[in-house]
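Numbering (numbering that gives the first Met the number 0), first residue to last: 0 to 420.
Backbone N, C-alpha and C define an ideal beta-carbon position, used for all residues, glycine too.
To keep things clear, I will list the structure first and then write my remarks on it.
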Amino acid sequence: MAELYALIDCNNFYASCERVFDPRLEGRPIIVLSNNDGCVVARSNEAKAVGVAMGVPAFKIRDLIEANDVQVFSSNYTLYGDMSRRVMESLSQFTPEVEIYSIDEAFLDVSGFVGRDLTEYGRTIRRSIRQWTGIPVSVGIGETKTLAKIANKTAKRTPGSEGVVNLAGSADRDEILSQIAVEDVWGVGPGYTRALEAKGIKNARQLRDTDERWIKKRMGVVGLRTVLELRGQSCLPLELGRPTRQGMTVSRLFGHPITDVEELKEAVATYLSTAGEKLRKENLAVGVVTIFLMRDRFKEIHYTQAATVELPVATNDTRELIRHGLREVGSMFSPGREYKKGGVILSDLVRADEVQGHLFYEMDRDRSRRLMRGIDRVNSRLGAETVKFAAAGVNPKWKVKACRRSRRYTTRWDELAVVRA
DNA sequence: TCTGGGGTCCTAGGACCC
DNA sequence: TCTGGGGTCCTAGGACCC
């Protein structure tokens, strides 16, 4: 049976989430900023229209914001995560074959719908998601994931498409591929774009028709897969069920540069607490912990330091993570230096219930498990950080900036939307 | 003053083994 | 004079994704 994929992609997801709970934002330019209110990570169509570029630092577009009355939001990942869950649950009403690809995208296997009017089916999905969650989505359909991606992009930029494009068996296929710049093809980043353009390959159609051997040599098997996918040969199957993760990172820019070792330790202890919570939520334990500290990367050449600890026994106990992590912070810190960012990388993850014990390592595993579970329960009921470790500091000064965060409408009782009738 | 965060996969090269 | 040919594992770096 011929394969067919549909890619459902939320339009301007973060900006759309903000709009769901504040209808006054309808029709107005909105942008959402990254952590620490640094760069633009999402824009409504109106914001794109007035010339806000993706990824620009907020301070560089102050005038643009002012002149166009752009509504600015700090990112509110609690809200976006919950809205994402609602969209994905809604999609699973249509078919169980759903691969959640990212916070705002999902691939559906629609091979079984051959013969039906897929464009019409796409419109039904689109209407339903809008009605059930308030989020506008676009739908792209093709014989491979890469083609579905292109169809989706085409749907977004073609007003007449009503948000759905089906490339499978489309007579306009070559024309549509010619309209997609090579850098917009899924799997082609800045590095490959440079190489391809130097060879005169500028759009998806030309890339599709490029000699396989050249591609293999220049872009490896990954590039080759992309080309085959453009030709309609599916190389990337739907991935159902989440793969076991390889590692975990928690890192943040500090709200201001840190020069004091105690503050630095508080920050790292906080990141370790977050990491511990994530580990326990996924029933994982960690064997290797890396702590890294960064100074100003725009001013210094050697701006990063890192230290790695191998734990005697894999753990997810926040106390242990903090104890090992802070020792490394202490030995890396040099007085007089300004630190701008820090983080923790956990690798060698194993399932928590399959941890290999250590003969000479005395620690009451059961007691640890009960304590951590207690802390997690309190925090999930009464709000994050209701119970926290003293090492993480009380009311820390280094916390990230988020001056314009909207309410966490769907996950906090004290931040519900208010409706006046 | 102000520049995000969290991932995955592939490749090349070296060490080591038989 | 001569000095194989695989495997495997690890690591660093580079490419990409959202």
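- Task: Look at the alpha carbon of phenylalanine 112 and the alpha carbon of alanine 389, and state the distance between them as a whole number of angstroms.
- Result: So the alpha carbons of these two residues sit roughly 57 Å apart.
- Query: If you run the structure through DSSP and keep just helix, strand and coil, what is methionine 87?
  - Reply: Helix, per DSSP.
- Sequence-distant residues of the same chain with beta carbon closer than 7 Å to threonine 132, five excluded per side: For threonine 132, where only same-chain residues beyond five positions count, the Cβ hits under 7 Å are Met82, Arg85, Val86, Ser89.
- Going by other Cβ atoms of all chains shown within 10 Å of its Cβ, with 16 needed for buried, is arginine 224 buried or exposed? Buried is the call here.
- Message: Since alanine 150 and phenylalanine 106 should fall inside the 8 Å C-beta cutoff, what is the C-beta to C-beta distance between them, to a whole number of angstroms?
- Response: At roughly 12 Å, the Cβ-Cβ gap does not stay under 8 Å, so alanine 150 and phenylalanine 106 are not in contact.
- Message: Am I right that glutamate 17 and phenylalanine 72 are in contact with their C-beta atoms under 8 Å? What's the rounded C-beta distance?
- Response: Contact holds; Cβ gap of about 6 Å.
- Message: My parser needs the beta strand (DSSP E) runs of 3 or more residues fully inside the stretch 103-169; what are they?
- Response: Runs of the beta strand (DSSP E) inside the stretch 103-169: 104-108, 136-141, 163-165.
- Message: At the level of alpha carbons, what is the spacing between valine 40 and proline 236?
- Response: Straight-line Cα distance between these residues: approximately 29 Å.
- Query: Do you know whose CA, among Thr409, Arg279, Ser250, lies nearest tyrosine 338's CA?
  - Reply: The shortest CA-to-CA distance from tyrosine 338 to any of Thr409, Arg279, Ser250 is the one to Ser250.
- Query: Do the stretch 318-325 and the stretch 250-260 meet, that is, are 3 or more Cβ pairs less than 8 Å apart?
  - Reply: When Cβ pairs closer than 8 Å are counted between the two stretches, the stretch 318-325 is seen not to touch the stretch 250-260, the count staying below three.
- Proximity below 8 Å, CB of glycine 286 to CB of leucine 310: Yes, they are a contact pair.
- Message: Between asparagine 165 and glycine 121, how many whole angstroms is the CB-CB distance? I'm expecting something under 8 Å.
- Response: Rounded, the Cβ-Cβ distance is 7 Å, consistent with contact.
- Query: Anyone know if the C-beta pair for isoleucine 140 and alanine 5 falls short of 8 Å?
  - Reply: Contact flag set, yes.
- Just how far apart, CA to CA, sit threonine 118 and threonine 143? Going from the Cα of threonine 118 to the Cα of threonine 143 covers about 16 Å.
- Name the DSSP beta bridge partners of leucine 271, please? Answer is none; leucine 271 lacks a bridge partner.
- Item | Candidates Arg294, Leu381, Pro56, of which the one nearest proline 443 by Cα | Any property of residue 443 remains undetermined from this structure, which presents the chain solely from 0 to 420.
- Complete runs of the beta strand (DSSP E) confined to the stretch 307-353 [at least 3 residues]: Qualifying beta strand (DSSP E) stretches, in chain order: 338-350.
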